[in-house]
Amino acid sequence: MSNVIETRLESMGITLPVPAAPVANYVPFVATGDMLFISGQLPIGPEGMVKGRLGATLTAEEGAAAARFCAINLIAQAKIALGGDLGRVKRLVKLVAFVACTDDFTEQPKVVNGASDLFVEVFGDAGRHARSAVGTNALPLGAAVEIEAIFEIA
Amino acid sequence: MSNVIETRLESMGITLPVPAAPVANYVPFVATGDMLFISGQLPIGPEGMVKGRLGATLTAEEGAAAARFCAINLIAQAKIALGGDLGRVKRLVKLVAFVACTDDFTEQPKVVNGASDLFVEVFGDAGRHARSAVGTNALPLGAAVEIEAIFEIA
Amino acid sequence: MSNVIETRLESMGITLPVPAAPVANYVPFVATGDMLFISGQLPIGPEGMVKGRLGATLTAEEGAAAARFCAINLIAQAKIALGGDLGRVKRLVKLVAFVACTDDFTEQPKVVNGASDLFVEVFGDAGRHARSAVGTNALPLGAAVEIEAIFEIA
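Protein chains in written order, with our numbering: chain G, 13 to 166; chain W, 13 to 166; chain H, 13 to 166.
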């Protein structure tokens, strides 16, 4: 299955980044039993981090693109956690997604769909997950979106 | 025990709604092992969704009523996840509750008690749970409260 | 190992507080299987609770000190949950940290490091954890930081 996932990522034109290690006393992921917890990932893409606030400097579409970068970074971390073998992902269990936004922005779900869609595109039904999507007034380094994940692994 | 729970809900005058399926690539719940993760639920009641912000357009009491609707929707999702048998709930493990509010609102716990109280009323001691209650500047569709849950199931 | 942890706390000059029980229908912790979920803890220290907002009334250093109090309170709750034996902590799995802040504050990670550093100082490598650090416009009782935790326990 690993090859299936890798092939799918390739066909989607996605190259998993080599994520930078946190420069602090926490780690990007912890596996316990068959659960893999991934730290909140920021929307860092090939051209840097997507900064800004939904409802002010970013449209919902731009927010969805940012959420997609968070998802790619979550997958990149999962790959490292699983020794390079994404075939060990049994399913994505849950996402919690925080969207930096103005007080009157209400389209957080549309933004977070950028991540949810990517997971289903990559993992198929195993990518369907429970999730919470909420707004926030501010995220680290001015990021537009932050998403954490729990995977079930083999 | 299923009948006990159903009878209690009935005696409380609560009819579990048939929740709408998410219109996106996520699902309302994921069970893994004996853990059931339920997606963040909004305060949709018989008369629609409770919208607004605590500290501005809603009182703490109205917020607690909204949190209670979130709890009812969490139970409704759990019932579907468990094939209709709420007797399979071993306990509620944890809630994370987000309260849409003004910057100076500080009564998030009082709001979230609307959900916590409902769970104990319905499930007894098995309804006692760990929780986090926080504020946020904005929630999906203008909702006043969003709550996610983890149940332990048999 | 319990004595090791206790000795380390002592050498750091940390006396674990006796946390107040929640005055509501929730509990400070729930253990299920080998997972221990601790409710969101506020930055209550020997001189009361650290209130305020980062970016306005508190510096990042003061925020980190507040996050450290949250961590101490999480450890105090874990000790009670484990019948007094912190040696039963196998590892800290995950933190979710909410930092009350202004809309333009971006140093949430620096604030939350106050908690992450404490955990590693106390538990060594077993204290390294996955985490999410986000901002919020308001927390219960005006708290500056709220942090919840999941531990793996023996």
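Backbone N, C-alpha and C fix where the C-beta goes; we use that ideal spot for every residue, glycine too.
Bear in mind the structure is a predicted one, so any value in this text is a computation, not a measurement.
E158 (chain W) is bridged by DSSP to W:F110.
At least one CB of chain W lies nearer than 8 Å to the CB of C113 (chain G). A156 (chain W) is positioned such that its CB atom lies closer than 8 Å to that of K63 (chain W). Contact check for V42 (chain H) against V105 (chain W) passes: the beta carbons are separated by less than 8 Å. Here P58 (chain H) is exposed, its C-beta having fewer than 16 other C-beta atoms within 10 Å. Your pair F131 (chain H) and A79 (chain H) does not check out as a contact, with CB atoms roughly 10 Å apart and the cut at 8 Å.
Closest by C-alpha distance to L151 (chain G), out of H:A88, H:G147, H:C113 and H:G136, is H:G147. Taking 8 Å as the cut-off, the Cβ atoms of V123 (chain G) and A88 (chain G) do not count as close. Shown in chain order are the members of the stretch 143 to 166 of chain G whose Cβ falls below 8 Å from a Cβ of chain H: T148, N149, A150, L151, P152, L153, G154, E158 and E160. Sequence-ordered contacts of the stretch 40 to 72 of chain W with chain G read P40, F41, V42, T44, G45, F49, I50, S51, G52 and R65 [C-beta pairs closer than 8 Å]. For the stretch 93 to 112 of chain H, the beta-carbon criterion of a distance under 9 Å to any beta-carbon of chain W is satisfied by V108, F110 and A112. In this structure, the CA atom of V101 (chain W) is about 21 Å from the CA atom of S144 (chain G).
If you look at I50 (chain W), you'll find it in the beta strand (DSSP E) that goes M47 to Q53. A166 (chain H) is classed as exposed because its beta carbon has fewer than 16 other beta carbons within 10 Å across all chains shown. Annotation: N85 (chain W) to E73 (chain G) spans about 29 Å, alpha carbon to alpha carbon. Here N125 (chain G) is buried, its C-beta having at least 16 other C-beta atoms within 10 Å. R140 (chain H) sits close to Y38 (chain G), with the two beta carbons spaced by under 8 Å.
Under the three-state reduction of DSSP, F117 (chain G) is assigned to coil, being neither helix nor strand. For L151 (chain W), the three-state secondary structure derived from DSSP is coil.
For the pair D97 (chain G) and T114 (chain W), the Cα-to-Cα distance works out to about 45 Å. Residues of the same chain with a CB within less than 8 Å of the CB of I50 (chain W), apart from the 5 flanking positions on each side, are P40, F41, L86, Q89, A90, A93, E160, A161, I162 and F163 in chain order.
Annotation for A88 (chain W): the continuous alpha helix (DSSP H) segment containing it runs A72 to A93.
DSSP lists G:A109 as the beta-bridge partner residues of A145 (chain G).
E22 (chain W) sits exposed, since fewer than 16 C-beta atoms from the chains shown fall within 10 Å of its C-beta. Distance between M24 (chain H) and I17 (chain H), taken at the CA atoms: about 11 Å. Excluding its 5 nearest sequence neighbours in each direction, M61 (chain G) has C-beta neighbours in its own chain below 7 Å: L54, P55, L153 and A155, listed in chain order. For N37 (chain H), at least one C-beta of chain W is nearer than 8 Å to its own C-beta. DSSP links T19 (chain H) through a beta bridge to no other residue.
The straight-line gap separating the alpha-carbon atoms of Q120 (chain W) and F110 (chain G) is approximately 18 Å. Looking at the DSSP output, R103 (chain G) shares a beta bridge with G:E164.
Burial check for N15 (chain G): the Cβ neighbour count within 10 Å stays below 16, so the residue is exposed.
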